[in-house]
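Asker:
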Amino acid sequence: MRIMTVIGARPQFIKAGVVSRAIAETDGLDEIIVHTGQHFDANMSQVFFDQLGLPKPDHLFDINGGSHGAMTGRMLTEIEAVILSDKPDVMLVYGDTNSTLAGALAAAKLHVPVAHVEAGLRSFNMQMPEEVNRILTDNISDILFCPTQTAVDQLLKEGFDHKPARVEWVGDVMQDSALVFGDMAQMPGEVAEQTGFVLATVHRAENTDAPERLSAIVDALNRVHRDVAPVILPVHPRTKKMIAQAGFSLDVTTIEPVGYLEFLALLKNCAAVATDSGGVQKEAFFFAKPGVVMRDQTEWTELLENGANVLVGAHADRIVEQARVALSKTVRDDGSLYGGGTASQRIAKSLLAHFD
């Protein structure tokens, strides 16, 4: 059976790193990898293929920049062409990016079954492009691989038990990846001796593209760095650009975007995490680090319920307050929330059973 996998952004490379390995180890499955080029910087793309042992893409596009509609439209055109030429039996997509939606839509239009990894997540904020992408992708998918029971329950609330699609809890492939690659992690050279710091990431459009939110986050991180604990921030290219354009002064330790293994090392050595990323919220939990989530909603509500993470929005005082609290918080992972590291194998077995 031929699986066509569409990836294009950092979280998808990480997820594919373990799922593609499971596919390769499963008799009867072959994989065609399509890389849209959505993340094109070497530190945002190629480094993940090198570090995670991902196979070289069979098809590599150069589609990045421009509006969401323009980017998704170009991807749709290119992916449709390779579906017609390579004739896959199933399309495998990850998460909630423009690459995800384009891959799922191109396949659905050509009557190729779609399997969605990380299905059922909802932030309930339709202002987020990712929320639109994940809802649309779920609704045109034939099999929905859910990372949590919360995601399964959400799809059932939306009536997926009355649709021909198949909903499965498999666990979270990000935990698989953290367990597989965690021992290989090495700290970036410029901060190699640092411990006890707050690891920060800021990249989401709702924060970077809103000057008042970005200003509050920059102010908060500066205050945390000055008054609470050192802050290390790998600066996303868009965030760097928007901070410069707004004329804000960022007084923390900044480093260039890092590869996945370096980022795992940062997670292992930090004391807490402040982030607006979806994936980093969970990655922090996998390494028993408390999370301060600089968003107004989160898809990972189970981490709020068990106290590992707290939502603070873009409120400077609250970010500083909760960063201080996080430094004295204890987080434990008993393996029950996200599958304990076996999601990839479940996905490969299900694909073989469902589509063969």
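Under this note's numbering, the first residue of the sequence shown is numbered 13, with each subsequent residue one higher. We put the beta carbon where it would ideally sit given N, CA and C, even for glycine.
Per DSSP, what are the beta-bridge partners of asparagine 321 in this structure?
Answerer: Partner(s): Gly303.
Asker: Just to confirm, is the Cβ distance from asparagine 151 to glutamate 143 under 8 Å?
Answerer: no
Asker: Would you say the beta carbon of isoleucine 95 comes nearer than 7 Å to a heavy atom of the ligand HEM?
Answerer: Absent from the structure shown: the ligand HEM. Ligands present: none.
Asker: Of the residues Leu278, Asn321 and Val129, which one's Cα is nearest the Cα of alanine 360?
Answerer: Val129
Asker: Identify, in the order they occur along the chain, each residue of the same chain with its Cβ nearer than 6 Å to the Cβ of valine 332, setting aside the five sequence neighbours on each side.
Answerer: Ala232, Arg235 and Val236
Asker: Can you tell me whether proline 159 is buried or exposed, with buried defined as 16 or more other CB within 10 angstroms of its CB?
Answerer: buried
Asker: With DSSP run on the structure shown, which of helix, strand or coil describes tyrosine 106?
Answerer: strand
Asker: Determine the closest residue to tyrosine 106 out of Thr89, Gly132, Pro269 and Leu122, with distance taken between C-alpha atoms.
Answerer: Gly132
Asker: Assuming isoleucine 4 and isoleucine 44 are in contact, meaning their beta carbons sit under 8 Å apart, how far apart are those beta carbons, in whole angstroms?
Answerer: Residue coverage of the chain in this structure runs from 13 to 368, which leaves residue 4 outside it and unanswerable.
Asker: Measuring straight from C-alpha to C-alpha, what distance separates serine 356 and serine 348?
Answerer: 16 Å
Asker: Determine whether the beta carbon atoms of glycine 291 and phenylalanine 297 lie at a separation below 8 Å.
Answerer: Their beta carbons are not under 8 Å apart, which means glycine 291 does not touch phenylalanine 297 by this criterion.
Asker: Mind checking who alanine 212 pairs with in its DSSP beta bridge?
Answerer: Ala286
Asker: Excluding sequence positions up to five away, which residues of its chain have a Cβ less than 6 Å from the Cβ of alanine 258?
Answerer: Pro223
Asker: Report yes if the C-beta distance between valine 247 and threonine 265 is below 8 Å; otherwise report no.
Answerer: For valine 247 and threonine 265, no; Cβs fall outside 8 Å.
Asker: Cutting at 7 Å between CB atoms, please list the residues of its own chain near isoleucine 91, excluding the five before and the five after it.
Answerer: Val18, Val46, Ala114, Gly115 and Ala118, listed in sequence order.
Asker: Between the Cα of leucine 72 and those of Glu295, Val94 and Met254, spot the shortest distance and give me the residue it belongs to.
Answerer: Val94
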